[in-house]
Amino acid sequence: MKIYLDFDGTLFNTDKFYQDYLKLLKEYNIDEATINNIKPKLFKSSLFNLDILTNYLVKEYNLDNNLLARVNNLYNSSYVFKDVIPFLEKYKTLEINLLTYGDYNYQLKKIEGSNLKKYFKDIIITDKDKSKLNLAYETNLFIDNNPKEINKFLEVSNHVIRIRREEDKYSKLDSNSREYKSLLEIVLKNVF
Numbered sequence: 001m002k003i004y005l006d007f008d009g010t011l012f013n014t015d016k017f018y019q020d021y022l023k024l025l026k027e028y029n030i031d032e033a034t035i036n037n038i039k040p041k042l043f044k045s046s047l048f049n050l051d052i053l054t055n056y057l058v059k060e061y062n063l064d065n066n067l068l069a070r071v072n073n074l075y076n077s078s079y080v081f082k083d084v085i086p087f088l089e090k091y092k093t094l095e096i097n098l099l100t101y102g103d104y105n106y107q108l109k110k111i112e113g114s115n116l117k118k119y120f121k122d123i124i125i126t127d128k129d130k131s132k133l134n135l136a137y138e139t140n141l142f143i144d145n146n147p148k149e150i151n152k153f154l155e156v157s158n159h160v161i162r163i164r165r166e167e168d169k170y171s172k173l174d175s176n177s178r179e180y181k182s183l184l185e186i187v188l189k190n191v192f
């Protein structure tokens with residue numbers, strides 16, 4: 001059995017990462033409402049990419065290029081949840097893969113900054129439905145935090161686990177899968 005782990009919200013605290021980005025922008029007098037107005041115009045048919053947004057802001061608002069360097073510094077391992085490394089170390093003898101949805105360059109930059117790349121046999125970054133790729137869903141395990149993704153996985157696999165972190169934006173939404181509060185809970189309960 002292969003394990004397919006989601007990245008955002010499962011391994012990496014993307015909500016905190018984005019909030020720290022917004023705090024940084026406040027120093028340049030750009031608030032969240034401004035960003036929320038720009039994003040739909042900038043990402044009409046493409047997936048969100050923080051670097052594209054930042055470059056746009058630097059150009060449009062004539063901001064100091066130092067902002068680009070400061071944003072690049074956000075891409076680091078401090079956003080990796082504390083339970084991730086113990087989980088990956090415990091199960092490193094199994095085939096662990098990363099399966100994430102999003103803009104390829106943006107996702108890869110976050111993954112590289114997280115310092116987790118070495119734990120994965122394969123890294124799959126897709127802009128397609130994660131439950132409709134050419135994977136053996138019926139024989140592999142899928143771990144994700146997003147209930148919408150979880151419910152799609154349940155249509156093709158019986159081996160689905162949801163990580164329901166209290167601080168996650170999806171924590172108030174329900175799914176029909178086995179749920180754990182963290183990856184550490186999976187380790188402690190010796191789930192597999």
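Read in the working numbering, the sequence shown has 30 at position 30, and its numbers run on one by one without any break. Using N, Cα and C, we set each Cβ at its ideal position, and we do this for glycine too. Here the structure is a predicted model, which means the values were calculated and not measured.
Proximity winner among the options, relative to residue i (alpha-carbon distances)
i    : options              : result
D8   : L53, I30, S77, K59   : S77
I198 : K118, E112, S114     : It is not possible to answer for residue 198, since the shown part of the chain is limited to 1 through 192.
N105 : L57, I30, T126, S175 : T126
T14  : F87, K128, Y101      : Y101
K128 : L47, L57, L173, F142 : L47
N73  : K2, L24, T139, N62   : L24
7 angstroms Cβ cutoff, residue i in contact with chain C
i    : result
I163 : In the structure shown, chain C cannot be found, because there is only a single protein chain.
Beta-carbon contacts of residue i that lie in its chain and below 7 angstroms, excluding the five residues immediately before and after
i   : result
F12 : Y79, V80, K110, S114
I85 : none
Opening and closing residue of the alpha helix (DSSP H) in which residue i lies
i   : result
L5  : Not the alpha helix (DSSP H): L5 falls in the beta strand (DSSP E), residues 2-5.
T34 : 32-42
6 angstroms Cβ shell around residue i - same chain, five flanking residues per side excluded
i    : result
Y137 : V156, S157
I124 : L99
H159 : L141
Close-in-space but distant-in-sequence residues of the same chain around residue i (CB under 8 angstroms, 5 per side omitted)
i    : result
S182 : F81, D83, I163, R165
N55  : L68
Between the CA atoms of residue j and residue i - distance to the nearest angstrom
i    : j    : result
D122 : F153 : 19 angstroms
P40  : D64  : 24 angstroms
T10  : D168 : 9 angstroms
L42  : L53  : 7 angstroms
Q19  : K92  : 31 angstroms
S177 : L50  : 31 angstroms
K16  : L188 : 26 angstroms
Distance CB(residue i)-CB(residue j) smaller than 7 angstroms
i    : j    : result
Y4   : F120 : no
S175 : N151 : yes
N- and C-terminal bounds of the beta strand (DSSP E) containing residue i
i    : result
T100 : 95-101
L141 : 141-144
Y180 : 178-180
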